[in-house]
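Engineer: Can you keep this structure in mind? I'll have questions shortly.
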Amino acid sequence: MLSVNAWLHHQIDEYKFQIRDATVDFYMAEARLNRPGSNIDHLRRYHNACMDMVELCLRNGDDDSYLHALVKLHNRLIKEINNEGRCHLFRVQSYYFARNTLKSICHQLSMQGSWDKATEFQTDFVKRVPFLP
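Quick note on numbering: the sequence shown equals residues -17 to 115 in my numbering.
Put into structure tokens, the structure is as follows:
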């Protein structure tokens, strides 16, 4: 039988391995998205890889990493929304994903009592993102 301390160390080590794997998947998906000629499938894979990492952080109570991953995804999505070299469908999909990440970011910030930061994210989104659909 394991002691609580040994069990906790095992859980922390396991989380570190899982987050490392998720981070590698995320950066591989980002590299595919950065290639010239990447398409909407690459965007979806990038989004899914990041959301897998976000969910892993959330399940393990890693609020800082959770918020960091969401903000990184959110900023990339805004960049893609404003990329006129992308097709309309790609930009609309980015818009849809960005609205969902904004909602999650604001929810997390409000849970932390950071109402001003949540308001800043909303204001920034309105300033940086044109209405697409």
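Glycine is no exception: its CB is placed at the ideal position from the N, C-alpha and C atoms.
Quick check on residue 38: does DSSP put it in helix, strand or coil?
Structural biologist: One-based indexing of the sequence shown puts residue 38 at position 56. DSSP places residue 38 in helix when its eight states are reduced to three.
Engineer: With 16 other CB atoms within 10 Å as the buried threshold, where does residue 29 fall?
Structural biologist: For this step, residue 29 is matched to residue 47 along the sequence shown. Counting Cβ neighbours within 10 Å, residue 29 comes out buried, since at least 16 surround it.
Engineer: Quick one: residues in its chain with C-beta nearer than 7 Å to the C-beta of residue -15, no 5 flanking neighbours on either side, listed in chain order?
Structural biologist: Position 3 of the sequence shown, counted from the start, is the residue given in the question as residue -15. Nothing meets the Cβ criterion.
Engineer: Have a look at 55, 92 and 63 and flag the residue whose alpha-carbon is nearest the alpha-carbon of residue 108.
Structural biologist: Start at 1 with the first residue of the sequence shown, and residue 108 comes out as number 126. Checking every option, the nearest Cα to that of residue 108 belongs to 63.
Engineer: If we require 4 or more residues per run, which alpha helix (DSSP H) segments fall completely within the segment 67 to 115?
Structural biologist: List check, alpha helix (DSSP H) in window: 70 to 93 and 97 to 110.
Engineer: Examine the Cβ distances between the segment 28 to 47 and the segment -4 to 6 and report whether three or more of them are shorter than 8 Å.
Structural biologist: Cβ pair count under 8 Å is three or more, so yes.
Engineer: For a test of the three-state rule: what should DSSP assign to residue 17, helix, strand or coil?
Structural biologist: As a working mapping, residue 17 is identified with position 35 in the sequence shown. It is coil, neither helix nor strand.
Engineer: What is the DSSP secondary structure of residue -10, reduced to helix, strand or coil?
Structural biologist: Along the sequence shown, one-based indexing puts residue -10 at 8. Helix.
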